[in-house]
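First the structure, in the form of structure tokens, and then the observations on it.
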């Protein structure tokens with residue numbers, strides 16, 4: 003399940019990137035544009051030529067017998083007249099330029115204020131300086147860096163300033179006035195937002211624009227889904243005034259969620275129907291041997307309770323009990339084999355994409371729990387051969403467990419999913435800042451029907467282990483009480499990638 007409109011940095015080949023050979027974005031070495039110099043027009047040159055010609059001509063035609071002061075007076079008068087003419091022409095030019103500038107500003111203001119879409123002018127200069135400092139210190143993977151330093155990410159977000167918004171944004175946000183929307187971006191983007199770090203990744207990549215879906219918090223506290231896009235800066239100065247547009251897609255997302263829920267309900271109904279038929283079949287297969295076990299056990303008891311116990315008959319009855327029990331065991335094993343051998347549909351999968359899609363599937367649940375999600379995935383990860391549905395089920399189970407483990411925890415609720423390439427495998431970690439798991443329970447958390455929650459069924463982690471084992475991987479956990487938990491699992495890299503390596 004993809005966010006239809008999202009373009010994560012690196013997803014779209016049409017996004018133009020501009021970086022130097024050292025990996026530094028070109029905006030970092032491009033100074034801000036200075037005010038354009040006033041160019042001389044043809045009229046200016048004509049006045050200069052005419053003035054020079056008149057002065058030279060006057061100097062040539064003045065009679066030599068005129069006194070010096072008269073000659074100087076004529077030249078001075080002519081010069082003053084030409085200066086006055088030049089000033090008048092210059093003032094007229096300046097007035098024309100100011101009028102053109104005023105018209106340009108009026109036109110820009112008209113576009114900004116009257117466009118039927120929310121527009122935000124934002125100052126990202128603090129983020130620019132932070133990204134540039136990291137790049138110059140040798141950091142190249144911004145996503146991995148901020149996944150490891152979420153508090154630094156929050157600090158940068160607090161220093162992004164909303165400078166201005168148009169009237170449509172005010173109306174759409176149901177804000178009393180513009181002032182209610184101005185200030186730190188921290189008041190608009192909640193801690194559960196997953197897109198802010200992607201801005202910094204796009205800056206570091208030198209991307210030409212960025213577009214994605216997120217959710218924002220309005221002044222009245224309501225959270226709405228929005229699609230935003232922005233042209234990214236090409237020089238240092240442009241970071242001080244980035245224009246961002248956003249479109250309310252709350253109803254679209256709600257419709258999408260209803261359709262997804264309808265699909266889940268249909269799939270659940272099919273599963274319930276299938277399980278009903280399977281249960282009836284199992285009951286039919288097991289009832290007969292169970293009835294035989296009961297009947298033969300009762301017969302054995304009767305033979306043993308006689309005044310003269312008939313051990314031969316009792317033994318025969320017990321043998322029948324054993325036979326029926328073995329038959330019951332065979333039925334259970336066949337059923338288990340049938341369920342565990344449900345055919346997988348493996349295909350080369352981008353693990354980072356599976357993680358993002360799994361996050362989208364439970365985005366609202368994560369928001370409800372106030373979870374701040376971070377993905378730490380290196381570029382160029384090889385694909386794994388996996389059944390996407392199975393692996394997403396594992397990820398969803400682990401992330402929901404992490405969210406529930408952080409209920410009631412004070413401070414930031416950071417959930418981090420890290421992906422690493424280790425030889426012929428991808429290693430995935432799901433880390434939380436929850437209450438942790440005691441050492442004794444770590445040995446049993448993957449057992450069926452074990453749960454630390456009163457309302458838990460205890461099947462989630464058991465299913466995770468079954469899914470990962472079916473893919474040739476393994477899953478385990480590390481935890482300490484009060485320090486959070488980390489669940490690990492690994493998957494084999496697709497064979498084509500291993501052969502290519």
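In my numbering, the protein residues as written are 3 to 503. A virtual CB, placed ideally from N, CA and C, is assigned to each residue, including glycine. Bear in mind the structure is a predicted one, so any value in this text is a computation, not a measurement.
Your pair residue 27 and residue 206 checks out as a contact, with CB atoms roughly 6 Å apart and the cut at 8 Å. In the structure shown, the three-state DSSP call for residue 239 is helix. Under the three-state reduction of DSSP, residue 120 is assigned to strand. The bridge partners DSSP lists for residue 361 come to none.
Of all C-beta pairs linking the stretch 152-167 to the stretch 179-198, three or more are shorter than 8 Å, placing the two stretches in contact. Remark: C-beta atoms of residue 434 and residue 488 approach each other more closely than 9 Å. Residue pairing for residue 166: DSSP places it in a beta bridge opposite 123.
Residues of the same chain with a CB within less than 8 Å of the CB of residue 165, apart from the 5 flanking positions on each side, are 123, 124, 125, 184, 243 in chain order.
Taking a cut-off of 8 Å on C-beta distances, the stretch 305-323 does not touch the stretch 376-383, as fewer than three cross pairs fall below it. Residue 232: not part of any alpha helix (DSSP H); member of the beta strand (DSSP E) spanning 225-233, first to last residue. Linking residue 266 to residue 139 through their CA atoms gives a straight-line distance of about 48 Å.
The C-alpha of residue 301 lies about 50 Å from the C-alpha of residue 475. Residue 403 and residue 462 do touch by the CB rule: their CB atoms are close to 7 Å apart, below 8 Å. Between residue 349 and the set 409, 496, 167, 118, the nearest pair of CA atoms involves 496.
A direct Cα-Cα distance of roughly 27 Å separates residue 237 from residue 153. Across the structure, residue 134 and residue 30 are spaced so that their CA atoms are roughly 7 Å apart.
Between the alpha carbons of residue 363 and residue 251 lies a gap of roughly 17 Å.
Nearest to residue 471 by alpha-carbon distance, out of 232, 22, 137, 490, is 490. Where residue 401 is concerned, the enclosing alpha helix (DSSP H) starts and stops at 390-407. In this model, residue 425 and residue 478 are separated by some 19 Å (Cα to Cα).
By the neighbour-count definition (other C-beta atoms within 10 Å, threshold 16), residue 419 is a buried residue.
For residue 333, the closest alpha carbon among the candidates 307, 373, 288 is that of 288. Assigned with DSSP and collapsed to three states, residue 422 falls in strand.
For residue 244, the beta-bridge partners assigned by DSSP are 124. Distance from residue 396 to residue 466 at the Cβ level is roughly 5 Å; contact confirmed, criterion being Cβ atoms closer than 8 Å. With 16 or more other Cβ atoms inside 10 Å of its own Cβ, residue 194 counts as buried. Selection 141, 115, 221 evaluated against residue 170 yields 115 as nearest (Cα-Cα). If the five residues before and after residue 427 are omitted, its C-beta is found closer than 7 Å to the C-beta atoms of 492, 493, 494, 495, all from its own chain and listed in chain order. Within its own chain, the residues whose Cβ lies closer than 6 Å to the Cβ of residue 429, once the five positions on either side in sequence are excluded, are 422, 492, listed in chain order. Taking C-beta atoms under 8 Å as the contact rule, residue 447 and residue 484 fail to qualify, at a distance of about 17 Å. Judged by DSSP secondary structure, residue 23 falls outside any alpha helix (DSSP H); it is assigned neither H nor E. Across the set 390, 143, 409, 410, the C-alpha of 390 shows the shortest separation from the C-alpha of residue 473.
In the three-state reduction of the DSSP assignment, residue 377 falls in the strand class.
The alpha-carbon separation between residue 414 and residue 374 amounts to approximately 8 Å.
In this structure residue 417 is buried. Its beta-carbon is surrounded by 16 or more other beta-carbon atoms within 10 angstroms.
Assigned with DSSP and collapsed to three states, residue 493 falls in strand.
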